[in-house]
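Asks:
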Amino acid sequence: MAEFRHLSVLPDEVIHYLALKPGGIYLDGTLGGAGHAALILENAPAATLVGIDRDREALAAAGERLAKYGEHVRLLHGDFAGVADHLSSLGITALDGFILDLGVSSHQLDTKERGFSFQRDAPLDMRMDTSGGETAADLVNGLPEQELERILIEYGEERWAKRIASFIARERADCPITTTFRLVDIIKGAVPKAKWDERIHPATRTFQALRIAVNSELDSLERGMRAALDLLKPGGRGVIISFHSLEDRIVKHIFREYAEGCTCPRQFPVCVCGREPRVKVLTSRPVTATPEETNDNPRARSAKLRAVEKL
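Last residue of the sequence shown: 341 (the working numbering), numbering continuous.
Written as structure tokens, this is what we have:
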């Protein structure tokens, strides 16, 4: 197994907003290299840390890093969308806090055979859990052209989605598209060179869209968020770090929904909906990395942290 490398973003801010308690029960629903998990265990004496990840390589590396904490660490393979079932299997019914650090890890990007990066030639895979499920190649070669276009629009916000989908459909008719570099060449051919954005590679949005689709990331985020929020104890805190607008929009809207009280029309003399706020939003605006952190960790540039406290 390649060395697992992943530098956790906004570490000080995560610890600040979690407001850790000695002996508390905490969830890292996207364990990765266990950077945030290690910080939680270092700063909350006798705490229990439950770590979930879809990537078995990440779990193996995290197990080694956290071994010194012994029985205070419980690691599970799976999607955090099923967090309620995962915790139930451990006899845990409530949390003092949780952290979700979304997106793809540095290790996944740097391991070329995983196929996440458009900068390395590799099989077109993109699965976070390589034990099963469809690959990016399966989607690129098997989906109808219109469905490909929809994915590129919804998950990549790609303005050239129709043209890229058309070029993919034409090229795969001659020969299946199975590698990252072949897909990159097709995208470059589809997007007029005069319209390339100097700030980002022309394949960035397409690769993002395919990765999200392969791993059902947005659906997992919404289901996992709601389950984790429902499991928080009063005074417990949830912290989520997102890296693109689609994720951040979901986080913001669900936090706002849980923070909202009565939804009755203003003309009603009394409340009939009975709805009460379930959380208090702690971050009126997303917290971002300092210039010092972005210099040390370029991945932190796009990170946005939002946090809530259970009422």
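Note that CB positions come from ideal geometry on N, CA and C, so glycine has one too.
Bear in mind that the values here come from a model prediction, so they are computed numbers and not experimental data.
Thinking C-beta only, is ARG86 closer than 9 Å to SER161?
Replies: yes
Asks: Suppose only complete runs of 3+ residues qualify. What are the beta strand (DSSP E) ranges in the stretch 242-282, listed by chain order?
Replies: 262-272
Asks: Taking VAL244 as the reference, give the member of VAL170, ALA257, CYS303 with the closest Cα.
Replies: When only C-alpha atoms are compared, the closest one is VAL170.
Asks: Flag this pair as touching only if the stretch 167-181 and the stretch 119-132 have three or more C-beta atom pairs under 8 Å; answer yes or no.
Replies: no
Asks: Just how far apart, CA to CA, sit ARG229 and GLU43?
Replies: 28 Å
Asks: Could you give the uninterrupted runs of the beta strand (DSSP E) lying entirely in the stretch 104-178, keeping only those of 3 residues or more?
Replies: 125-131
Asks: Mark GLY63 as exposed unless 16 or more other C-beta atoms lie within 10 angstroms of its C-beta, in which case mark it buried.
Replies: buried
Asks: Is VAL309 near LEU276, with beta carbons less than 9 Å apart?
Replies: no
Asks: Looking at the structure shown, is GLU306 part of a helix, part of a strand, or coil, going by DSSP?
Replies: coil
Asks: Using three-state DSSP, classify THR236 as helix, strand or coil.
Replies: Note: THR236 maps to helix in three-state DSSP.
Asks: Measure the alpha-carbon distance for THR320 versus THR293 and round it to whole angstroms.
Replies: 38 Å
Asks: Assign ASP204 to buried or exposed, taking buried as 16 or more other Cβ atoms, counted over all protein chains shown, within 10 Å of its Cβ.
Replies: With fewer than 16 neighbouring CB atoms inside 10 Å of its own CB, ASP204 falls in the exposed class.
Asks: Over what stretch of residues does the alpha helix (DSSP H) that includes ILE230 continue unbroken?
Replies: No residue range can be given for ILE230, since it is assigned to no alpha helix (DSSP H) and is classified by DSSP as neither H nor E.
Asks: Under 9 Å, do ASP115 and TYR56 count as touching if we go by C-beta distance?
Replies: no
Asks: Can you grab the Cα-Cα spacing for the pair ALA32 / GLY219, in whole Å?
Replies: Per-residue confidence for ALA32 stands at a pLDDT of 48, beneath the threshold of 50, marking its modelled position as unreliable; no derived number is given.
Asks: Whose C-alpha, out of ARG296, ARG315, GLY291, GLN297, is nearest the C-alpha of ARG305?
Replies: GLY291
Asks: Per DSSP, which one or two residues make a beta bridge with ALA347?
Replies: Beyond the ends of the chain as shown, which are 31 and 341, falls residue 347; an answer cannot be given.
Asks: In chain order, what residues of the same chain have a beta carbon less than 7 Å from the beta carbon of LEU251, not counting five sequence neighbours either side?
Replies: LEU132, GLU277, ILE280
Asks: Should LEU61 and ILE82 be called a contact, given that it needs their Cβ atoms to be closer than 9 Å?
Replies: In terms of Cβ geometry, LEU61 and ILE82 form a close pair [threshold 9 Å].
Asks: Should VAL300 be labelled buried (16 or more other beta-carbon atoms within 10 Å of its own) or exposed?
Replies: VAL300 sits exposed, since fewer than 16 C-beta atoms from the chains shown fall within 10 Å of its C-beta.
Asks: With a threshold of 16 other CB atoms inside 10 Å of the CB of PHE298, please say whether the residue is buried or exposed.
Replies: By the 10 Å Cβ count, PHE298 comes out exposed.
Asks: What are the partner residues of ILE216, as DSSP defines its beta bridges?
Replies: BP columns for ILE216 are empty, so no partner.
Asks: Measure the C-alpha to C-alpha separation of VAL221 and ARG235 and round it to an integer number of angstroms.
Replies: If you take the alpha carbons of VAL221 and ARG235, they lie about 12 Å apart.
Asks: Between LEU40 and LEU335, how many whole angstroms is the CB-CB distance? I'm expecting something under 8 Å.
Replies: 5 Å
Asks: Rounded to the nearest angstrom, what separates ALA330 and PHE197 at their Cα positions?
Replies: Straight-line Cα distance between these residues: approximately 33 Å.
Asks: Please confirm whether ALA258 and GLY265 have their CB atoms less than 9 Å apart.
Replies: Taking a C-beta distance under 9 Å as the contact criterion, ALA258 and GLY265 do not qualify as a contact pair.
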